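A short write-up of the structure that comes next.
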Amino acid sequence: MIYLKIFWAFFIPGILGYGGGPASIPLIENEVVGRYGWLTVKEFSEVLALGNALPGPIATKMAGYIGYEQAGILGAATGVFATVAPSLILMIGLLGLLMKYKDSPKVKRLTIVIRPVIAVLLGVMTYDFFFSSYKGTGAWQTIFIGGLSYILMEKLKVHPAYVIGGAMIYGAIFLA
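See the structure below:
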């Protein structure tokens, strides 16, 4: 039964996550944290940070890790397959149709409408992560790490993997 739950937890966001991994992350969080309770918001944010630090698609890395934590190697394989299955099915089944209508004004309008929805979903997730961090580590630690991360990535153009790694080291030293 756990394999079926893992499959659905990652298959549904794969179907609904129009726009790739970043669009799927709030949907995965809803399934993993809200629906099944496998992780807390804090644990999910740590898995997300770890997944962002590694190369490759974020959703598949998260599915592999969470699947492994819940049901071992077969759970990891189930999670990864469930993540890529919707794209695989759509690519095989609808490639010809997509190529035929790629310049359609309706398809272009759909993309324009979907982008703000993705932005709102990512904003809600960021809000949840911020207040989870605020409750867990305190206001000053949250503001310090968030502010320093912003400066490093936006002003000094440091790669996010280094910022995440630095935040993990900071947390291990000062917040453990």
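Residue 0 is where the sequence shown starts when you use numbering that gives the first Met the number 0, and the numbers rise one by one after that.
From the three backbone atoms N, C-alpha and C, an ideal C-beta is built for every residue, glycine too.
Note that the coordinates shown come from a computational prediction; the quantities given were computed from them, not determined experimentally.
Expressed to the nearest angstrom, what Euclidean distance is found between the alpha-carbon atoms of G186 and Y100?
The structure shown does not extend to residue 186, since the chain is modelled only from 0 through 175, so no value can be given for it.
L38 and L26 closer than 8 Å at C-beta:
no
According to the Cβ coordinates, are G50 and K60 closer than 8 Å?
yes
Quick check on A104: buried or exposed, where buried means 16 or more other Cβ atoms within 10 Å of its Cβ?
Here residue 104 turns out to be Pro, not Ala, going by the sequence shown. It is exposed - the Cβ of P104 has fewer than 16 other Cβ atoms within 10 Å.
Skipping 5 residues on each side, what residues in its chain have a beta carbon closer than 6 Å to that of V157?
L151
What do you reckon, are the CB atoms on A62 and F9 nearer than 8 Å?
yes
Less than 8 Å between the C-beta atoms of A58 and A160, yes or no?
no
Nearest CA to the CA of E45: which residue from M167, I111, L174 and F173?
M167
Does DSSP put V79 in a helix, a strand or coil?
helix
With H, G and I counted as helix, E and B as strand and the rest as coil, what does DSSP make of L49?
helix
What do you get for T77, buried or exposed, if any count of 16 or more other CB atoms within 10 angstroms of its CB means buried?
buried
Contact set for T136: own chain, Cβ-Cβ below 6 Å, skip 5 residues either direction:
L174
Classify P12 as buried or exposed, calling it buried when 16 or more other Cβ atoms lie within 10 Å of its own Cβ.
buried
Helix, strand or coil: how does DSSP classify V157 here?
coil
On the criterion of 16 or more Cβ atoms from any shown chain inside 10 Å, does M98 qualify as buried, or is it exposed?
exposed
Beta-carbon separation (whole angstroms), I5 vs A81, contact threshold 8 Å:
7 Å
According to DSSP, simplified to helix, strand and coil, what is W7?
helix
Compare the Cα-Cα distances from I144 to each of S131, K134 and V162 and report the closest residue.
V162
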